[in-house]
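Have a look at the structure below, then the notes.
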Amino acid sequence: MRTDLPRLPLTAVRNLGVLAHVDAGKTTITERILYATGTTHKRGEVHDGTTVTDFDSQERDRGITIFAAAVTCAWDSHRINLIDTPGHVDFADEVERSLRVLDGAIVVFDAVAGVEPQSESVWRQADRHGVPRIAFVNKLDRAGADLDTAVRSIRDRLHRVPLVVQLPIGEEDRFTGVVDLLRMRSLVWADGRETFDEGPVPGALLDEANRRRRLLEETVAELHPLALEEFCAKSTISARTLAAALRDLTRTGEGLVVLAGSAYRNRGIEPLLDAAVAYLPSPVDVPAVRGTQDGVVQERVADSSAPFAALVFKVVSTATGRLTYLRIYSGTIRKGQEVRDVGARRTERIARLLRVQADRHTEMDQAVAGDIVAAIGVKNARVGATLTTPAAPLVLEPPSVAVPVVTVAVEARRSVDTERLMSALAQLVEEDPSLVLRNDPQTGQTVLSGMGELHLEVAVEKIRRSRGLDVNVGRPRVSYRETVVRGVSGLLYRHVKQDGGAGQFAHVVLSVEPLAVDPESTVDFVFESAVVGGRVPREYVRAVEAGCRDALSEGPLDGHRVTGLKVTLTDGATHPKDSSEMAFRTAGRLALREALRSCVMELLEPVVEIVVTVPDEAVGGVLGDLAARRGRASGSVTRSGTSVVTAVVPLAELFGYSNKLRSRTHGRGTFTTRPIGYALAPGVTPVR
Ligand SMILES: Nc1nc2c(ncn2[C@@H]2O[C@H](COP(=O)(O)OP(=O)(O)OP(=O)(O)O)[C@@H](O)[C@H]2O)c(=O)[nH]1
Ligand SMILES: [Mg+2]
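Here the working numbering is used: the first residue of the sequence shown is 5, the next is one more, and so on.
The following block contains the structure:
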């Protein structure tokens with residue numbers, strides 16, 4: 005594998021991700037990119053378990069990506085650091101951590117299915133991170149593939165103006181290449197040839213190509229003032245101006261450049277690389293990263309001579325040691341240097357620096373701003389930690405972590421293995437922050453929580469394989485929550501302790517009311533102070549808020565997390581000697597706990613949107629089955645013998661659904677799910 009790359013200016017670096025719904029072809033595209041750039045000399049296949057980025061044994065066995073894998077390649081005097089992400093919804097947090105450190109992304113769509121549920125979810129994730137994107141409509145060789153339909157679904161479902169820069173040559177099995185609408189040239193990948201042949205636009209496609217070029221010019225002119233000027237003056241736009249405008253529109257997100265191809269047949273990869281380099285931003289084109297130090301917001305620019313600052317976005321244990329993946333935002337780091345983990349107040353030493361190529365790596369002496377590298381020697385820094393030069397500490401915003409929704413009890417089959425299992429679980433949780441480990445005080449069991457059935461299955465299997473441990477796993481259960489349906493007002497709580505020494509005194513008066521939670525937002529709790537006349541000083545108000553947040557971890561119904569409420573501190577009283585932040589925090593916690601006992605509370609359960617694709621004749625059975633699982637069907641579309649049913653179903657009802665669907669449809673049915681939040685679960689008695 006070739007990874008030696010010359011030192012390049014930052015403007016020639018691209019940190020990109022490949023994002024999509026499960027199975028759209030991300031890993032295959034990454035594989036073809038490595039081949040096209042001369043990084044590898046043979047093309048691996050997902051179904052043979054021979055790709056570079058799906059190197060984990062479970063990925064190879066299951067044929068899906070589970071872990072985001074980083075690779076590096078060179079194209080047209082640029083270095084591309086590429087992260088192949090998983091598409092399965094259970095691993096969305098892995099995508100989230102990658103998106104936090106990427107400057108741009110290639111979003112892949114299946115030319116038959118168009119925008120699928122998980123493509124919408126990753127799209128919104130990328131929106132939240134402000135990551136500019138280009139689109140690649142893949143699998144144009146498949147029966148039923150249609151670029152125009154896929155583009156329409158991009159416009160309708162993602163609400164982005166598509167800027168289609170290619171016209172496919174040939175359909176389905178006869179798809180051989182594309183017309184490049186900027187240069188008005190054809191690119192054809194003949195069978196058995198390593199790369200494309202360039203030529204004039206085929207006569208039969210000339211009118212259509214001209215029409216589409218015109219359409220592209222008109223669309224760009226509508227969005228881009230300079231392009232509009234040229235269009236008005238010359239009634240056409242040059243390829244050069246178009247390219248510059250496409251670059252701007254990609255970065256502002258006003259338009260989405262769309263390319264097409266077939267990764268499996270190795271068609272369309274080189275123009276995709278050209279577009280990635282031309283339109284997606286370099287580390288210096290994105291806004292400077294912001295962090296805080298002692299409450300003051302600071303910016304760090306992507307400059308190798310600025311003070312060093314990097315974010316830890318992945319931690320993995322390998323045979324080489326603990327690899328700590330870093331996105332360097334500013335400065336330079338050399339091997340052997342000490343860095344500060346500001347959040348943990350610890351100093352760490354970077355013993356070695358590696359450029360990572362999936363499961364291989366090459367040593368580096370130093371790394372600079374804009375780079376994505378792995379460090380060895382960092383012992384404790386966790387995912388989300390900021391490492392900086394000790395002289396200029398700062399904390400960058402960590403990636404957000406999803407709250408797990410499914411739980412299983414785990415125990416070692418042989419009790420002598422219990423300690424080994426605990427250490428394996430602790431390591432698992434360290435590497436994947438979307439897994440949570442706790443001890444259930446009621447049952448004494450060790451429970452592992454994660455994003456879904458598959459997520460937990462993969463986690464336990466990882467322990468079995470890497471440690472050779474026999475593990476018993478309980479039935480999966482969903483994580484319930486509790487919410488306020490009717491609040492209380494004016495609840496007075498007096499926290500007073502005077503048992504010698506410094507006393508504790510805090511009086512608080514709280515009101516609690518329900519809060520409608522937007523499923524798109526992570527805000528499910530709001531705290532306000534309506535205290536007048538400084539009766540509770542500001543630092544104590546903050547302590548009351550912290551105390552209320554503590555109280556949210558256990559609701560009055562059955563000890564589940566409490567969500568969807570607004571708490572207002574309306575009054576309180578202090579004591580000149582005995583009041584303290586600690587006293588007010590305790591008061592806040594106990595006051596809210598008591599208030600919640602007086603509120604009308606309801607149980608919430610996680611619900612998902614399920615999209616089931618089945619042969620027509622199976623639709624009736626599938627709908628009946630979903631209804632029996634408390635599902636509400638919201639639509640059913642039929643196209644050429646296949647039906648797509650969409651429904652909203654409680655997650656608890658979907659355990660084991662894949663086996664059921666497989667047997668009901670003789671293996672021809674498939675489904676995907678997407679979490680859409682929590683819903684009231686009337687009449688459900690949660691089982692711990
Ligand atoms: N016909 C056809 N099949 C393709 C194409 N690209 C990928 N595939 C196949 O689609 C399947 C999924 O491809 P992957 O590359 O694993 O897709 P992915 O997006 O990485 O999937 P996850 O990582 O599991 O989300 C594999 O069987 C590929 O061989 C294509 O252009 N045409
Ligand atoms: Mg993959």
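Where a beta carbon is used, it is the ideal one built from N, C-alpha and C, also for glycine.
What separation, rounded to the nearest whole angstrom, lies between the Cα atoms of residue i and residue j?
i    : j    : result
T228 : F140 : Reading the sequence as shown, one finds His at residue 228 and not Thr. Cα to Cα, the separation comes out at about 22 Å.
A24  : G196 : 29 Å
G148 : V22  : 24 Å
L358 : D528 : 40 Å
R164 : A154 : 13 Å
E465 : G91  : 19 Å
F113 : T256 : 21 Å
V290 : R104 : 13 Å
A430 : D620 : 47 Å
A237 : E221 : 13 Å
R539 : R485 : 34 Å
T44  : V56  : 9 Å
I84  : V305 : 20 Å
G472 : E415 : 14 Å
V17  : H82  : 6 Å
L607 : G681 : 13 Å
A115 : L151 : 6 Å
P679 : P13  : 42 Å
L210 : D80  : 29 Å
D575 : E517 : 16 Å
T676 : I614 : 6 Å
Y497 : A520 : 26 Å
S125 : H511 : 45 Å
Taking C-alpha atoms, which residue in the options lies nearest to residue i?
i    : options                : result
T422 : P408, T450, R442, L398 : T450
Y661 : D145, Q170, P480       : P480
D582 : G507, V513, S638, R597 : G507
D369 : G340, N384, G347, R137 : G340
L630 : P397, V616, N85, A587  : V616
M426 : V475, H579, T223       : V475
L171 : R304, P560, L219       : L219
N384 : A406, G325, G673       : G325
E202 : A194, L209, A208       : A194
E585 : L514, R636, H499       : H499
R469 : V262, R417, S61, I173  : S61
List the endpoints of the continuous alpha helix (DSSP H) containing residue i.
i    : result
V104 : Reading off the sequence shown, one finds Arg at residue 104, where the question assumed Val. Unbroken alpha helix (DSSP H) run through R104: 96–105.
K466 : 457–471
D278 : 273–283
W127 : 121–133
T447 : It is not in any alpha helix (DSSP H) - T447 carries neither H nor E in the DSSP assignment.
Q431 : 422–435
V155 : 151–162
E222 : 210–227
DSSP state of residue i, grouped into three classes?
i    : result
R6   : With a pLDDT of 40 at R6, under the threshold of 50, the predicted position of this residue should be treated as unreliable, though the coordinate-derived value follows. The answer is coil: DSSP assigns R6 none of H, G, I, E or B.
P172 : strand
S483 : coil
R384 : According to the sequence shown, residue 384 is Asn rather than Arg. N384 falls in the coil class under three-state DSSP.
Q297 : strand
N663 : helix
N476 : strand
I241 : coil
E63  : helix
R353 : strand
T180 : coil
R359 : strand
L12  : coil
Go to residue i, then tell me how far its beta strand (DSSP E) extends in each direction, as first and last residue.
i    : result
I138 : 137–142
Y682 : 674–684
A637 : 636–643
M368 : 364–368
V414 : 410–416
R83  : 82–88
S647 : 646–654
Y329 : 325–334
T32  : Here T32 belongs to no beta strand (DSSP E); instead the alpha helix (DSSP H) covers 30–40.
H499 : 492–501
W193 : Where W193 is concerned, there is no enclosing beta strand (DSSP E), given that its DSSP letter is neither H nor E.
Any alpha helix (DSSP H) of 4 or more consecutive residues that is wholly inside the region 555–624: 585–602
For a minimum of 4 consecutive residues, which ranges assigned as the alpha helix (DSSP H) are wholly contained in the region 531–557? 542–555
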